[in-house]
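Residue numbers (the UniProt record's numbering), protein chains in the order written: chain A, 1 to 205; chain B, 1 to 205. In this text, a Cβ means the ideal position worked out from N, Cα and C, and glycines have one as well. Okay, so here's the structure we're looking at.
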């Protein structure tokens, strides 16, 4: 692209580094910001700098937090004996949005992926084992993505945790609510038949 | 969305204000930035702040520029007698990318749009008239979008400029190169037949 301004080019290049943002979109975003008041743009920039400078990871669950211990871990109402293991902070938010879970979390910070050079030691797995060892845990829910990395991590976690004799569960897989059978992929449909459940179990009590 | 962190929420809200960026995309972008080094995020924020603080509009053509007079207006090789009138800086870049234009520009800063409350006085039209009056201009090319606002602006500009007895042209409309006739809209196809040109004229000399 032919920029008439170095300042503009720099800003477009910064936006263009973000995932899913190409040069044309970056230019549109920068021109939008240029149309804003100076104070608004300063707030945009400073909010990001402040975020990176001040954000912490919860010492217990490694979730993104403003404090040393996150809101969820420090909430007296949450069941500390149930730990839901997730990949990242986005998954915590997704589960929190369901309003169906009242335990606490453990954020792995990724999934085991030899292809990307991510091994167990790059994740917070040792911390999880330590946490299970030192606190009273009644159930560990493994809520990981259903892909190769997720399955590998699931397998590794199960191996590491099975000797504690604590129930280890995974989230239910199957046809989505509102999903039409004919559009479901064969693997999901096949597995959802093989792992069928008694009708009474599907009623929310 | 349920944020575990106020800092995170603020950053997501700032990104969410940008056009075409919803909350989920904003969260993805913020989490991406969180994964970067502190220096990189600081650079991102500071580049935007610097852009807004230091950027100028060219005194002659109103294009975005680092200096009082933009690169194009100050280039000795550009034909100052040919002025291409465009809506905004993005159009200047698009035309520059073609490498087919060697004149200078005039950036209106928008199009006349009574629906959005944008009248002629909100644009740089008076400056354009002044520029045509005080400098030697041989041709004015009106390169505006082919929509209602573009047509309104075209009509207004023509009325303002016709008394100077300078050739006023508009960019050619028609079927795009590589475009299939059957997929062209009726208006474009109809107009491209009505305004057909001698074959010899279409050969680039």
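When the distance is taken between beta carbons, is residue 72/A closer than 8 Å to residue 140/A?
-> Along the first chain, read from residue 1 onward, the residue named residue 140/A stands at position 140. Along the first chain, read from residue 1 onward, the residue named residue 72/A stands at position 72. Taking 8 Å as the cut-off, the beta carbon of residue 140/A is found no closer than this to the beta carbon of residue 72/A.
Nearest chain B C-beta to residue 47/A closer than 8 Å, yes or no?
-> For the purposes of this step, residue 47/A is identified with residue 47 of the first chain, where counting begins at 1. Contact of residue 47/A with chain B is assigned, a C-beta pair being separated by under 8 Å.
How about residue 149/A and residue 113/A: do their beta carbons lie closer than 8 Å?
-> Walking along the first chain from the start, residue 149/A turns up at place 149. Walking along the first chain from the start, residue 113/A turns up at place 113. Yes; because the gap between Cβ atoms is below 8 Å, this pair is in contact.
Are the beta-carbon atoms belonging to residue 166/A and residue 138/A less than 8 Å from one another?
-> Counted from its first residue, the first chain places residue 166/A at position 166. Counted from its first residue, the first chain places residue 138/A at position 138. Yes.
Indicate whether residue 208/A and residue 41/A have their beta-carbon atoms separated by less than 8 Å.
-> This structure does not reach residue 208/A, given that chain A is present from 1 up to 205, and the question cannot be answered.
Residue 5/B, buried or exposed, once every other Cβ within 10 Å from all chains shown has been counted against 16 | Within the second chain, residue 5/B is the residue found at index 5, counting from 1. With 16 or more other Cβ atoms inside 10 Å of its own Cβ, residue 5/B counts as buried.
Note down, one range per segment and in chain order, each alpha helix (DSSP H) of at least 4 residues found wholly within the UniProt domain "Toprim" (81-176) of chain A.
-> Annotation: the UniProt domain "Toprim" (81-176) of chain A contains the following complete segments of the alpha helix (DSSP H) (minimum length 4 residues), in chain order: 89-98, 125-134 and 148-161.
Below 7 Å between beta carbons is the criterion; list the residues of the stretch 49-76 of chain B that meet it against any residue of chain A, in chain order.
-> From the stretch 49-76 of chain B, only 49, 50, 51, 52, 53, 54, 55, 63, 64, 65, 66, 70, 71 and 72 have a Cβ closer than 7 Å to chain A.
Within chain B, the residues that residue 18/A reaches when beta carbons sit closer than 7 Å = Residue mapping note: residue 18/A aligns to position 18 of the first chain, counting from 1. Simply 29 and 32.
With residue 44/A as the anchor, note down where its alpha helix (DSSP H) starts and where it stops.
-> Residue 44/A sits at position 44 when you count from the first residue of the first chain. Counting along the chain, the alpha helix (DSSP H) containing residue 44/A begins and ends at 38-54.
Residue 90/B: contacting residues in chain A (beta-carbon distance under 7 Å) = Position 90 of the second chain, counted from the first residue, corresponds to residue 90/B. Correct list: 27 and 31.
If you check the beta carbons only, do residue 104/B and residue 124/B fall under 8 Å apart?
-> In the second chain, residue 104/B corresponds to position 104, counting from 1. In the second chain, residue 124/B corresponds to position 124, counting from 1. Contact: no.
When DSSP labels each residue in this structure, what does residue 57/B get in the three-state scheme?
-> Within the second chain, residue 57/B is the residue found at index 57, counting from 1. Three-state result, residue 57/B: strand.
Under 7 Å from the C-beta of residue 11/A: neighbouring residues of chain B | Your numbering for residue 11/A matches position 11 in the first chain. Going along chain B in sequence order, the residues near residue 11/A (Cβ under 7 Å) are 47, 48 and 51.
Would you mind stating whether residue 11/A and residue 51/B have Cβ atoms separated by less than 8 Å?
-> Position 11 of the first chain, counted from the start, is the residue given in the question as residue 11/A. Position 51 of the second chain, counted from the start, is the residue given in the question as residue 51/B. Yes.
Cut-off 6 Å between Cβ atoms - residues of its own chain near residue 160/B, not counting five sequence neighbours on either side = If you number the second chain from 1, residue 160/B lands on position 160. Within its own chain, the residues whose Cβ lies closer than 6 Å to the Cβ of residue 160/B, once the five positions on either side in sequence are excluded, are 129, listed in chain order.
Just the Cα atoms here: how many angstroms apart are residue 8/A and residue 26/A?
-> Within the first chain, the letter at position 8 stands for residue 8/A. Within the first chain, the letter at position 26 stands for residue 26/A. Distance between the alpha carbons of residue 8/A and residue 26/A: 10 Å.
Quick one, are the C-beta atoms of residue 16/A and residue 45/B less than 8 Å apart?
-> Along the first chain, one-based indexing puts residue 16/A at 16. Along the second chain, one-based indexing puts residue 45/B at 45. In this structure, residue 45/B does not lie closer than 8 Å to residue 16/A by Cβ.
What are the residues of the UniProt domain "Toprim" (81-176) of chain B that lie near chain A, defined by any Cβ-Cβ distance shorter than 8 Å?
-> Per Cβ criterion, the list reads 88, 89, 90, 92, 93, 96 and 97.
State buried or exposed for residue 3/A, treating a residue as buried only when at least 16 other CB atoms are found within 10 Å of its CB.
-> For the purposes of this step, residue 3/A is taken as residue 3 along the first chain, with counting starting at 1. So residue 3/A ends up on the buried side.
Local conformation of residue 64/A per DSSP, three classes | To locate residue 64/A, count along the first chain from 1; it is residue 64. Residue state for residue 64/A is assigned as strand, using DSSP reduced to three classes.
For residue 200/B, which residues in chain A fall below 7 Å Cβ to Cβ?
-> Start at 1 with the first residue of the second chain, and residue 200/B comes out as number 200. Within chain A, no residue comes near residue 200/B; the closest Cβ sits about 31 Å away, beyond 7 Å.
For residue 38/B, which residues in chain A fall below 8 Å Cβ to Cβ?
-> As a working note, residue 38/B is residue 38 in the second chain. Listed along chain A, the residues sitting closer than 8 Å to residue 38/B by beta-carbon distance are 52 and 53.
Beta-carbon separation of residue 59/A and residue 68/A under 8 Å?
-> For this step, residue 59/A is matched to residue 59 along the first chain. For this step, residue 68/A is matched to residue 68 along the first chain. Closer than 8 Å, so yes.
Where residue 5/B meets chain A, residues with beta-carbon distance less than 7 Å = Reading the second chain from its first residue, position 5 is the one you call residue 5/B. For residue 5/B, the residues of chain A that pass the 7 Å Cβ criterion are 55, 64, 65 and 66, in the order they occur in the chain.
Which one of 147/B, 196/B and 133/B has the shortest CA to CA distance from residue 163/B?
-> Translated into the one-based positions of the second chain, residue 163/B becomes position 163. Ranking 147/B, 196/B and 133/B by Cα distance to residue 163/B puts 133/B first.
At a Cβ threshold of 8 Å, is residue 79/B touching chain A?
-> As a first step, residue 79/B is located in the second chain; it is residue number 79 there, counting from the start. Not closer than 8 Å to any Cβ of chain A, the Cβ of residue 79/B fails to qualify, so no.
In chain B, what lies closer than 8 Å to residue 41/A by C-beta?
-> Translated into positions along the first chain, residue 41/A becomes position 41. What residue 41/A touches in chain B: 48, 49, 51 and 52.
Chain A partners of residue 14/B, CB-CB under 8 Å?
-> Counted from its first residue, the second chain places residue 14/B at position 14. For residue 14/B, the chain A residues whose C-beta falls within less than 8 Å of its own C-beta are 43, 44, 47 and 48, listed in chain order.
What residues in its chain sit with their C-beta under 6 Å from that of residue 143/B, if we drop five residues either side in the sequence?
-> The residue given as residue 143/B occupies position 143 in the second chain. The beta carbon of residue 143/B sits closer than 6 Å to the beta carbons of 84, 86 and 171 from its chain, once the five residues preceding and following it are set aside; these are given in chain order.
Give a yes or no on whether the C-beta atoms belonging to residue 127/B and residue 62/B are separated by under 8 Å.
-> Here the question's residue 127/B lines up with position 127 in the second chain. Here the question's residue 62/B lines up with position 62 in the second chain. Contact: yes.
6 Å Cβ shell around residue 70/A - same chain, five flanking residues per side excluded | For the purposes of this step, residue 70/A is taken as residue 70 along the first chain, with counting starting at 1. The answer, listed in chain order, is 58 and 63.
Got a sec, what are the start and stop residues for the alpha helix (DSSP H) residue 5/B sits in?
-> If you number the second chain from 1, residue 5/B lands on position 5. Taken as a continuous stretch (DSSP letters only), residue 5/B belongs to no alpha helix (DSSP H), as it is neither H nor E.
Look at the Cβ atom of residue 188/A, then the Cβ atom of residue 178/A, and state whether they are nearer than 8 Å.
-> Residue mapping note: residue 188/A aligns to position 188 of the first chain, counting from 1. Residue mapping note: residue 178/A aligns to position 178 of the first chain, counting from 1. Taking 8 Å as the Cβ cut-off, residue 188/A and residue 178/A do not qualify as a contacting pair.
Around the Cβ of residue 153/A, are there at least 16 other Cβ atoms within 10 angstroms (buried) or fewer (exposed)?
-> If you number the first chain from 1, residue 153/A lands on position 153. Sixteen is the threshold: when 16 or more other Cβ atoms of the shown chains lie within 10 Å of the Cβ of residue 153/A, as they do, the residue is buried.
Distance between beta carbons of residue 28/B and residue 19/A, contact taken as under 8 Å = Walking along the first chain from the start, residue 19/A turns up at place 19. Walking along the second chain from the start, residue 28/B turns up at place 28. The pair is a contact, with the Cβ atoms about 7 Å apart (cut-off 8 Å).
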